[in-house]
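*Asks:*
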Amino acid sequence: MVTYVIEHMEEDNADATFPHWIALEYAQMLKWASPNKVIFSSLSPASVKSLSEQLIARGASPDAFRAETKSVTELMKEENVALDKVCLLDPRATGEIAPQDGKEFDWFLFGGILGDDPPRDRTGILRAKGFPGRHLGPVQMTTDTALGVTSLVVQGGKTLSTIKFVDHPTIQFDEHEGVEMPFRYVVDGKSGEPILPEGMREHLKADMDRGLDDF
């Protein structure tokens, strides 16, 4: 069994409800990770409560995740997890993620949430701590997709070359409206569509409609 750790690196408003769109991403991570656990670290106390409530409301088991105010390094000390047993998913790493990494590492660490366009290299903050790293290919992914690809490799035994991807897909809402996503996604084998978090398509449509209303 492996554990996935998301070091939350978005600006976190201590007094606000955890952002809905990020909760959608985090809920998708639990689906990808199952039956393994996801730890969300470095959250504000208010976000721990709000995120937990949103995930459970979306059907997540309380046993599937932990929401923590502590950082990944603090949690490593508490749980006696050595630095060399934590793999940082890092686009600048020299080695590619591989099935054998599921045996070499106990924790897989991700920095940030929803890849920035252009990338801001927030992973560099974690890279500086000396974690061994692996990359997921040359194209920027959302964080939930990055976790999904990692799980397909270390849990499912796939290699990156055997996973079907689509880059920069246009998400169509109807015949005339759509939005291009500047990231790489895993393709659903049944529908042929990019795998998005449940509820994300509706969120994107509502966001686009709000933007149109501003004109």
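Take the sequence shown: its letters are residues 1 to 215, numbered as in my numbering.
C-beta atoms are modelled at their ideal positions from N, C-alpha and C, and glycine is treated no differently.
All values reported here derive from a predicted model rather than from experimental measurement.
(1) In this structure, does DSSP put E202 in helix, strand or coil?
(2) How big is the Cα-Cα spacing for D117 and D207?
(3) Pull up the distance between the alpha-carbon of T123 and that of F173, whole angstroms please.
(4) Using the beta-carbon count (16 or more within 10 Å), is P62 buried or exposed?
(5) Taking the alpha helix (DSSP H) that G148 belongs to, which residues open and close that run?
(6) Looking at the structure shown, is P45 part of a helix, part of a strand, or coil, going by DSSP?
(7) Sort out for me which residues DSSP pairs H135 with in a bridge.
(8) Please name the residue, chosen from Y185, D84, S34 and R201, that lies closest to Q302 on a Cα-to-Cα basis.
(9) Just mark L83 as buried or exposed, buried being the case when its beta carbon has 16 or more other beta carbons within 10 Å.
(10) Just tell me which of A93, L55 and A98 has its CA closest to the CA of A128.
(11) For W21, which of G192, S191, D101 and S50 has the nearest alpha-carbon?
(12) Report the rounded CA-to-CA distance for A23 versus L152, giving the unit in angstroms.
(13) Roughly how many angstroms lie between the CA atoms of D106 and K85, to the nearest whole one?
*Replies:* Per the coordinate set shown:
(1) helix
(2) Caution is warranted here: a pLDDT of 48 is assigned to D117, below 50, making its placement in the model unreliable, and no coordinate value can be reported.
(3) Distance between the alpha carbons of T123 and F173 is about 33 Å.
(4) exposed
(5) T143 to V154
(6) helix
(7) E96
(8) Missing from the structure shown is residue 302; the chain here goes from 1 to 215 and no further.
(9) Of the other Cβ atoms in all chains shown, fewer than 16 fall within 10 Å of the Cβ of L83; this residue is therefore exposed.
(10) Nearest C-alpha to A128: A93.
(11) S50
(12) 22 Å
(13) 5 Å
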